[in-house]
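J.: Letter by letter, the sequence shown follows residues 302 to 465 in this note's numbering.
By construction, the Cβ of each residue, glycine as well, lies at the ideal position given by its N, Cα and C atoms.
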Amino acid sequence: MDVFKSKRDALLAFLDKGMTMVHLDARRDGVLVPKHFIGQQDLRLNLSYRFAGSQMEVGDDGIEATLTFGGNPFRVRIPFGSVYALTSHVTGAGLVFPESLPEDILAALRKEMDLEPQVASEAEAETARTPRSERRRRSEPRGSEGVGRPTKAPHLRVIEGDKK
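Written as structure tokens, this is what we have:
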């Protein structure tokens, strides 16, 4: 597993492999995105060195790039303090920075992890009796093994480490 000294180093390593999705809280100070995205706690933007005309700059404090939204170019500014996760489109690897997760997402994850699902039908009762590992194999698309379980935030998955 790669260990990075900073979000900047992690982003540069992901970008070296190809297109990278940056998960950010657009409500944070210093974020500059198109008006209709301001206030989103879970904004996801794709970055790549291959985007024509993006003039991407990765500095010590954040990222600036010209991205296209609905066919219109817009110069975005993404401070690293607003970035809470990275996902590689090429490798499928993901990296979460827990210290930067928005409190609303953290609260939803905590709530989801603490509550047991309520069984409302016979089909759900059967699912509840099936071991978790078997349910995961049945319900997840091929190639998703070991990437965690889905959450109510569709772009985040709970990763459970070895319990040895």
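Could you check which residue in T388, T321, G395, A394 has the C-alpha nearest to that of F352?
T.: What you label residue 352 is simply residue 51 of the sequence shown in a count that begins at 1. Of the candidates T388, T321, G395, A394, the one whose C-alpha sits nearest the C-alpha of F352 is T321.
J.: Does the beta-carbon distance from V377 to Y385 come in below 9 Å?
T.: The residue labelled residue 377 in the question sits at position 76 within the sequence shown. The residue labelled residue 385 in the question sits at position 84 within the sequence shown. Not in contact: V377 and Y385 (Cβ atoms no closer than 9 Å).
J.: Can you give the beta carbon distance from S383 to L325, rounded, assuming they're within the 8 Å contact cut?
T.: Taking the sequence shown and counting its residues from 1, one reaches residue 383 at position 82. Taking the sequence shown and counting its residues from 1, one reaches residue 325 at position 24. With a Cβ gap of about 4 Å, S383 and L325 count as contacting.
J.: Do I379 and V334 come within 9 Å of each other at the CB atom, strictly closer than that value?
T.: Start at 1 with the first residue of the sequence shown, and residue 334 comes out as number 33. Start at 1 with the first residue of the sequence shown, and residue 379 comes out as number 78. Their beta carbons are under 9 Å apart, which means V334 touches I379 by this criterion.
J.: Go ahead and pull the three-state DSSP assignment for G363.
T.: Residue mapping note: residue 363 aligns to position 62 of the sequence shown, counting from 1. Of the three classes helix, strand and coil, the one that applies to G363 here is strand, per DSSP.
J.: Are G363 and F375 close, meaning C-beta to C-beta below 9 Å?
T.: Position 62 of the sequence shown, counted from the first residue, corresponds to residue 363. Position 74 of the sequence shown, counted from the first residue, corresponds to residue 375. No; because the gap between Cβ atoms is not below 9 Å, this pair is not in contact.
J.: Taking the alpha carbon of K308 as the reference point, which residue from D343, L387, G371, D330 has its own alpha carbon closest?
T.: What you label residue 308 is simply residue 7 of the sequence shown in a count that begins at 1. Cα-wise, what sits closest to K308 is L387.
J.: Which residue wins for smallest C-alpha separation from A311, given the options S355, T367, L368, V359?
T.: Translated into the one-based positions of the sequence shown, residue 311 becomes position 10. If we check each option's Cα against that of A311, V359 comes out closest.
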